[in-house]
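Protein chains: 2
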Amino acid sequence: MPLKDIMERQNKVLEIIISSYVGTALPVGSRSVSKVIGFSSATIRNIMSDLEEQGYITHPHTSAGRIPTDKGYRCYVGSLMRLKNIKTEEARRIDEEYRLKRKNIEDIIKKTTEILAGITHQTGIVLFPKFKRSVFKRINLVSIGRKKVLVVLVASTGIVRHFIIDTKDDLDREVEAITNLLNSEYYGLTIDGIKGKLLRRLKEERDSSRSLIEEASDIIDSMLQLFQEDELYLGGTSCLLSQPEFESANSVKSMLRIFEDKSALSRLMEEDLEKEGITVYIGKENKNKDMQNCSIVTSSYRFKDEFIGRLGIIGPTRMEYSHLIPAVNYISEIVTRTLNEFME
Amino acid sequence: MPLKDIMERQNKVLEIIISSYVGTALPVGSRSVSKVIGFSSATIRNIMSDLEEQGYITHPHTSAGRIPTDKGYRCYVGSLMRLKNIKTEEARRIDEEYRLKRKNIEDIIKKTTEILAGITHQTGIVLFPKFKRSVFKRINLVSIGRKKVLVVLVASTGIVRHFIIDTKDDLDREVEAITNLLNSEYYGLTIDGIKGKLLRRLKEERDSSRSLIEEASDIIDSMLQLFQEDELYLGGTSCLLSQPEFESANSVKSMLRIFEDKSALSRLMEEDLEKEGITVYIGKENKNKDMQNCSIVTSSYRFKDEFIGRLGIIGPTRMEYSHLIPAVNYISEIVTRTLNEFME
DNA sequence: CTTAGCACTCTAGGGCTAAGAGTGCTAAAA
DNA sequence: TTTTAGCACTCTTAGCCCTAGAGTGCTAAG
């Protein structure tokens, strides 16, 4: 038999093993594969033996069937798998959710985690839009007490951030002037742009209207601090736990550690922010130890052709990639559309 | 022996059982109690038998020591327990955390969940200050596009909420007028007050400056919606899980369900909002099934003598009440002070 | 009322066994 | 040369029995 056919048969067997294991979480024996593919169980055993040698599948123990390795899943996701179209029923449900008017971006993002979880039955993850990356649209200072000013920032993406600062002097009268100054000076710049421009200004105008500039400088400092923060939202953390891989308390705990210390997840998503399309990390491909039994499927969403955030799911490596990858993709497109529509 | 002494000895034994069990999570045998109290193990067994009959302790099985029942803990918390003073080291740590300048209330509240968890080694819970209950201080409308207005609300407590509304007309010019109108009309009222006043206004001025009033009405509607939401923050969800009661995956899952569906917890805390001092719910005293292996210790925090929110901890019924109750109390006092100072 | 003594109960853990699932190898069949 | 049938082998799982140990409850004596 020519080499091509051997490969093809191996692939077919691997595919059968994976799709069976993904559904049942039970090791797959040669007999059950033989029923699907037509060859005898002995032949299948030979093929399986080859697949195991090449590292695509393993044994939990001698007398058990085979289960896919991370490498097996990777091969499946990379070439074997046929992506399924998202079900019209699901698409309808998603569309419906986003058709409802939302009152701010936080609202949209939080809802998105729930939708991700609801559709995929995994835990939904959304990295909040990066304020840092979006351009500055509007600042408003509101005096709310003696020497207390509320600063409200609006980015072009519609993200709003606010913080309260204590000013050196009572600024009640000057609030409007500073607001106007900041707005006209910095409109349309990114945060980095604002910072640069501010520093130049400070050098040029050492003497004139000093206190105003100083106050503005304080405000920008607070802003910069505020934007360092990553915000990561999770949804459907408990629906995951009905999966058999979380029968042991230990695996549940490592999952919880992931959920609680969000920094690892958020770093991971941030690194891939600029990546077009879907990214999949399978098991050991994750650097974080707690995540090495998990797969993570993510995709970035955009605002006016700029990637501003990323969303996806995390679950056991045994997940229905062929179905979930299109789902994540679809949701990221809808989020993109919704955010763009939200700001017209 | 007079009745009083019998009672006293029973109490003493119950206290020993509880404080031992709280520390080790191991059933307490008669011999170990006898070592502490001086009587022989046989005597202790008699006393234990009485305590069991009265429902304060049980057996996991015949040949095991005793463990406290919910009723036992209740009795301990209600009368037996001697509250310990908070350790100066802990108090110092807490004070330090709150001395750092925070940039907004969300920040303070989130930090508080972490501090609660860090000090008590349970999961920290904070019910966000009720916007509904605080009086209106400042509203700001910011035009951020054609027919899009950002509404920023500031309550006297310093809580800030924002939402974006679509207006019927392009309001760019009128934004300031509406802002001023709303500010002067409604300053110092609660939400309910604003609603009432608005409705009266609408009736009186059927003809004059109609569109203005209509716009204002829209805004208030969105506001009212926004304040229905409860916000509950949790911290230290995974530190709990090192406790032996969470060895079984099932118990972990029911805990996760509590964490994920926050509405039950938040309802519970809201109900007790007006209660002075510490509230403790032990095991079956909780109506929610998932919580029946847990105890919840909470206390309200205030703004200017008004209860505005509530904070506390949730953990296994086996917790060090004598130590944790003062800790929760202390933190609620510090949060009260911090919030009041934050707005002077 | 307290205590010593003793029989009794129950759990946890180890060792053993049998059933079942699935493999790997070999030799025969296609 | 590839496929298949057959069979011995391995390993897990569940159940069973047993023992050691912890702790009780009861009784009778102090």
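Protein sequence lines correspond, in order, to chains A and B.
With this note's numbering applied, the first sequence covers 79 to 422.
With this note's numbering applied, the second sequence covers 79 to 422.
Here a beta-carbon is modelled for each residue, glycine too, at the ideal position from N, C-alpha and C.
Around the beta carbon of Pro-138 (chain B), a 10 Å sphere encloses fewer than 16 other beta carbons of the protein chains shown; the residue is thus reported as exposed. When DSSP reads this structure, Arg-388 (chain B) sits in a beta bridge with B:Leu-205, B:Ser-378. Contact between the stretch 119-126 of chain B and the stretch 83-97 of chain B is present: three or more C-beta pairs spanning the two stretches fall below 8 Å. The beta carbon of Ala-142 (chain A) does not come within 8 Å of any beta carbon belonging to chain B, so the residue lies off that interface.
Ile-242 (chain A) belongs to the set of residues whose beta carbon lies under 8 Å from a beta carbon in chain B.
At least one CB of chain B lies nearer than 8 Å to the CB of Gly-223 (chain A). Chain B has a Cβ within less than 8 Å of the Cβ of Arg-335 (chain A). Listed along the chain, the chain B residues whose CB falls inside 9 Å of the CB of Met-421 (chain A) are Ile-222, Gly-223, Lys-226, Ile-242. For the stretch 313-345 of chain B, the set of positions with a beta-carbon nearer than 7 Å to some beta-carbon of chain A reads Thr-315, Ser-316, Leu-319, Phe-324, Glu-325, Ser-326, Ala-327, Val-330, Lys-331, Leu-334, Arg-335, Glu-338 in chain order. Around the beta carbon of Asn-364 (chain A), a 10 Å sphere encloses 16 or more other beta carbons of the protein chains shown; the residue is thus reported as buried.
Remark: C-beta atoms of Gly-313 (chain A) and Thr-136 (chain A) do not approach each other more closely than 8 Å. Look at His-137 (chain B) here: in three-state DSSP terms it is coil, with no helix or strand label.
Among the CB atoms of chain B, none fall inside 8 Å of the CB of Lys-189 (chain A).
In this structure, Thr-121 (chain B) keeps its C-beta atom at 8 Å or more from the C-beta atom of Gly-133 (chain B).
Residues of the stretch 233-261 of chain A with a C-beta less than 7 Å from any C-beta of chain B: Gly-236, Val-238, His-240, Phe-241, Ile-242, listed in chain order.
The beta-carbon of Val-111 (chain B) is placed no less than 8 Å from the nearest beta-carbon of chain A.
Residue contact check for Asn-366 (chain A) against chain B: no CB pair falls below 8 Å. Neighbours of Asn-218 (chain A) in chain B, taken as residues at a C-beta separation under 9 Å, are given in chain order as Asn-218, Val-220, Leu-228, Val-230. Using a Cβ-Cβ cut-off of 9 Å, Lys-215 (chain B) is close to Ile-222, Gly-223 of chain A, given in chain order. By the neighbour-count criterion, in which 16 or more other beta carbons inside 10 Å mark a residue as buried, Ile-145 (chain A) falls on the buried side. Secondary structure note for Ser-234 (chain B): it is in no alpha helix (DSSP H), with a DSSP letter that is neither H nor E. Here the alpha carbon of Lys-188 (chain B) sits roughly 11 Å from the alpha carbon of Val-413 (chain B). The C-alpha of Arg-388 (chain B) is placed about 29 Å away from the C-alpha of Lys-225 (chain A). Residues of the same chain with a CB within less than 6 Å of the CB of Arg-152 (chain A), apart from the 5 flanking positions on each side, are Ile-360 in chain order.
Approximately 6 Å separates the beta-carbon atoms of Ile-243 (chain A) and Val-229 (chain A); this is inside 8 Å, confirming the contact.
Taking the CA atoms as reference points, Val-114 (chain B) sits about 35 Å from Thr-315 (chain B).
With 16 or more neighbouring CB atoms inside 10 Å of its own CB, Leu-334 (chain B) falls in the buried class. Under the DSSP definition of a beta bridge, Gly-313 (chain B) partners with B:Gly-202. Taking each of A:Tyr-379, A:Ile-197, A:Gly-266 in turn and checking the Cα distance to Leu-351 (chain A), the smallest one comes out for A:Tyr-379.
In the three-state DSSP reduction, Val-213 (chain B) falls in the coil class, being neither helix nor strand. A:Glu-338 is the residue among A:Glu-323, A:Cys-317, A:Gln-321, A:Glu-338 whose C-alpha sits nearest the C-alpha of Leu-319 (chain B). Gly-150 (chain B) places its beta carbon 8 Å or farther from that of Ile-84 (chain B). Separation of the CB atoms of Leu-402 (chain A) and Ile-391 (chain A) is rounded to 6 Å, and the pair is thereby assigned contact status at 8 Å.
Assignment of Asp-244 (chain A) by DSSP, reduced to helix, strand and coil, places it in the strand class.
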